[in-house]
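Engineer:
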Amino acid sequence: MLLNDVHSQLNPTTVAWVTRPTTLAALCEVVKQAKRRGMSLSVAGARHAMGGQQFAAQQGHVDMTGLQHVLHGDAQRGLLQIEAGANWHHIIAASHHMLAPGGTSWAIRQKQTGVDEVTLGGSISANAHGRGLLMQPLGADIEDVTLVDAEGDVLLCSRTQNAELFALVIGGYGLFGLIYAATLRLVPRQRVRRVVDILDLADAMHAVYRRVDDGCLYGDFQFVIDPKDDSFLHRGVFACYKPTTEPEADEAASADLQPEAWLQLLKLAHEDKAQAFKLYAQHYLSTHGHTYWADTMQLSTYIPSYADVLNSDQPTDRAPGPRQTLVIGEHYVPRDQIAAFMTQAARVLKAQNVEVIYGTIRAILQDDCSFLPWAKKDYACVIFNLRTFHTPQGKARTAEAFRHLIDAALALGGSYFLTYHRYATRAQVLHAYPQFETFLARKRHFDPQERFTSDWYRHHVALMGHSR
Ligand SMILES: Cc1cc2nc3c(=O)[nH]c(=O)nc-3n(C[C@H](O)[C@H](O)[C@H](O)COP(=O)(O)OP(=O)(O)OC[C@H]3O[C@@H](n4cnc5c(N)ncnc54)[C@H](O)[C@@H]3O)c2cc1C
Numbered sequence: 012m013l014l015n016d017v018h019s020q021l022n023p024t025t026v027a028w029v030t031r032p033t034t035l036a037a038l039c040e041v042v043k044q045a046k047r048r049g050m051s052l053s054v055a056g057a058r059h060a061m062g063g064q065q066f067a068a069q070q071g072h073v074d075m076t077g078l079q080h081v082l083h084g085d086a087q088r089g090l091l092q093i094e095a096g097a098n099w100h101h102i103i104a105a106s107h108h109m110l111a112p113g114g115t116s117w118a119i120r121q122k123q124t125g126v127d128e129v130t131l132g133g134s135i136s137a138n139a140h141g142r143g144l145l146m147q148p149l150g151a152d153i154e155d156v157t158l159v160d161a162e163g164d165v166l167l168c169s170r171t172q173n174a175e176l177f178a179l180v181i182g183g184y185g186l187f188g189l190i191y192a193a194t195l196r197l198v199p200r201q202r203v204r205r206v207v208d209i210l211d212l213a214d215a216m217h218a219v220y221r222r223v224d225d226g227c228l229y230g231d232f233q234f235v236i237d238p239k240d241d242s243f244l245h246r247g248v249f250a251c252y253k254p255t256t257e258p259e260a261d262e263a264a265s266a267d268l269q270p271e272a273w274l275q276l277l278k279l280a281h282e283d284k285a286q287a288f289k290l291y292a293q294h295y296l297s298t299h300g301h302t303y304w305a306d307t308m309q310l311s312t313y314i315p316s317y318a319d320v321l322n323s324d325q326p327t328d329r330a331p332g333p334r335q336t337l338v339i340g341e342h343y344v345p346r347d348q349i350a351a352f353m354t355q356a357a358r359v360l361k362a363q364n365v366e367v368i369y370g371t372i373r374a375i376l377q378d379d380c381s382f383l384p385w386a387k388k389d390y391a392c393v394i395f396n397l398r399t400f401h402t403p404q405g406k407a408r409t410a411e412a413f414r415h416l417i418d419a420a421l422a423l424g425g426s427y428f429l430t431y432h433r434y435a436t437r438a439q440v441l442h443a444y445p446q447f448e449t450f451l452a453r454k455r456h457f458d459p460q461e462r463f464t465s466d467w468y469r470h471h472v473a474l475m476g477h478s479r
């Protein structure tokens, strides 16, 4: 069976078989059978990672999306235990069924921006983050995980029970066991008001502190993507969200663009970047002052078949061009280095002649719960979606651009996200993740037969020079 990731579609992988268990017993049996047959397993949620973390060529493959049930809701403490194949729509709906003391319902604190169908298991395995201004990555919101280990046995892992495994599983890319379920810490649901500014980067950091002092909980900065514009990467739409008690006339109002407008904007970002930013800024400015629920405000429009629409939208009088998709990279720098990084990034992107289709700056607080943290400090997070043609030159150009961007981030005391690709060199991996070799050693300790594997794991084992 040929599987691929959803967004970049650059990881076609033939696996031996796919199974989609729907009970814990069946999940354990998959691991036990794999052990009897001497096979390894890869595991996927919604297949949005882009470095081959969820696939292993010629091995068995576990699709977790059949496991999405609520197991337990503690409405007193705001704890929701749910199966790990649940995506954010399922999780948000389940949290709304739990009434917090005081009568309001519970809600998630954060989720990824830009995609909702990703699963809880996949989100924990990448230690994902949202657009909180003062939040640690998702691991901070996880009370415990129920893991099926390499023997097919069930283990509860938390900060106090099997604590080392807990830290390894958060951001552990499925290498330490199958996450059957997790308990998510919720927050009382609240409404927020959107506050929008068009700002230069130089002012944006001050604006962030001002907004935080003012009580804003969420925010991001979407920057200019037109390299011909003098403010390329340095001017942007800064949207923040401040708690409010005022209700909105339309309680169900969506905070994001409708699908048609989203696609139109995406096309414009390929064809007329100046106009795309103008429209985007107009949309945001027109929603200044609108109020939303803080949890559903984080839902986003995303069309998984976006690439088919772009690729089919070519002039009929010409031979079709090569297939193209977007590849994401995320880079972290200490907050006071953000302007220096963006100046370097603008140089890299122009020199490498790659196109940014969209990009954002967000904030993160230092992670204190995962073994392999990407948020090693309080960082500014810079995300680039690069247009990538599926030709050898197109792929090489994107890879080279990301390597340069990682170098720029590292030189400023930063890091990069492991989930989006595997272009980093050995030196870059070790610079950003000094404990990477220990991480691999702990993997072999907990899973000596490599029952859980992936092409991403094999790549990194080879990169580190270990024999498998
Ligand atoms: C358009 C887009 C926007 C994004 N935005 C953000 C963002 O704002 N913030 C952010 O942090 N990330 C973001 N991401 C990255 C995303 O959060 C991660 O790639 C996440 O892992 C995807 O979840 P998934 O369910 O698709 O997992 P998959 O891609 O299916 O798997 C990812 C990893 O998790 C493992 N895994 C999945 N389920 C389980 C399980 N039950 N048990 C054990 N291991 C498991 C897999 O083996 C693999 O290693 C974005 C990605 C895309 C494509």
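Read in order, the letters of the sequence shown correspond to residues 12 to 479 in my numbering.
We put the beta carbon where it would ideally sit given N, CA and C, even for glycine.
Here the structure is a predicted model, which is why all the values come from computation and not from measurement.
For His18, count neighbouring Cβ atoms within 10 angstroms of its own Cβ and tell me buried if that reaches 16, exposed if not.
Structural biologist: buried
Engineer: Just to confirm my understanding: we take Gln8, look at its own chain, exclude 5 residues before and 5 after, and list those with CB closer than 6 Å. What are they?
Structural biologist: The chain is shown only over 12 to 479; residue 8 falls outside these bounds and no answer can be derived.
Engineer: Looking at the strands, I want to know which residues DSSP matches up with Ser426.
Structural biologist: DSSP, once it has assigned bridges, lists Tyr343 as partnering Ser426.
Engineer: What does a CB cutoff of less than 7 Å around Ala280 pick up in its chain, not counting 5 residues either side in sequence?
Structural biologist: Ile236, Ala287, Ile368, Tyr369
Engineer: On the CB-based measure, 16 or more other CB atoms within 10 Å of its CB, does Gln269 come out buried or exposed?
Structural biologist: Exposed, by the Cβ-count rule.
Engineer: Which two residues bound the contiguous beta strand (DSSP E) that contains Cys392?
Structural biologist: Counting along the chain, the beta strand (DSSP E) containing Cys392 begins and ends at 390 to 400.
Engineer: Cβ-heavy atom distance between Arg469 and ligand 1 below 6 Å?
Structural biologist: no
Engineer: Using only the alpha-carbon positions, how far apart do Ala266 and Leu310 sit?
Structural biologist: 8 Å
Engineer: Residues in its own chain within less than 7 Å of Met216 by CB, not counting five upstream and five downstream?
Structural biologist: Arg346, Ile349
Engineer: Please state whether DSSP places His108 in a helix, a strand or coil.
Structural biologist: coil
Engineer: Between which two residues does the alpha helix (DSSP H) holding Lys289 run?
Structural biologist: 284 to 297 is the span of the alpha helix (DSSP H), which, as asked, contains Lys289.
Engineer: Check this for me: beta carbons of Gly62 and Arg433, under 7 Å apart or not?
Structural biologist: yes
Engineer: Mind the definition here: the segment 29 to 47 touches the segment 160 to 173 only if three or more C-beta pairs lie below 8 Å; say whether that holds.
Structural biologist: yes
Engineer: Taking the alpha carbon of Ala174 as the reference point, which residue from Ser465, Ser381, Thr430 has its own alpha carbon closest?
Structural biologist: Ser381
Engineer: Can you give me the C-alpha to C-alpha distance between Glu94 and Tyr191, rounded to a whole angstrom?
Structural biologist: 6 Å
Engineer: Could you tell me the boundaries of the alpha helix (DSSP H) in which Arg481 lies?
Structural biologist: The structure shown does not extend to residue 481, since the chain spans only 12 to 479, so no value can be given for it.
Engineer: Alpha carbon to alpha carbon, how far is Pro148 from Gly183?
Structural biologist: 13 Å
Engineer: On a CA-only basis, which of Cys39, Tyr317, Leu144 is nearest Leu274? Give me that one, please.
Structural biologist: Cα-wise, what sits closest to Leu274 is Tyr317.
Engineer: Is Ile314 buried or exposed, if buried means 16 or more other CB atoms sit within 10 Å of its CB?
Structural biologist: exposed
Engineer: Expressed to the nearest angstrom, what Euclidean distance is found between the alpha-carbon atoms of Leu13 and Pro23?
Structural biologist: When rounded, the distance between both Cα atoms is 6 Å.
Engineer: Count the other CB atoms, across all protein chains shown, that sit within 10 Å of the CB of Leu296; report buried if there are 16 or more and exposed otherwise.
Structural biologist: With fewer than 16 Cβ atoms within 10 Å of its Cβ, Leu296 is classed as exposed.
Engineer: Which residues mark the beginning and the end of the beta strand (DSSP E) in which Val207 is found?
Structural biologist: 202 to 211
Engineer: In this structure, how does DSSP classify Trp99 when only helix, strand and coil are distinguished?
Structural biologist: helix
Engineer: Can you tell me whether DSSP reads Ile181 as helix, strand or coil?
Structural biologist: Ile181: coil per DSSP, three-state reduction.
Engineer: CB Arg204 to CB Thr302, shorter than 7 Å?
Structural biologist: In this structure, Thr302 lies closer than 7 Å to Arg204 by Cβ.
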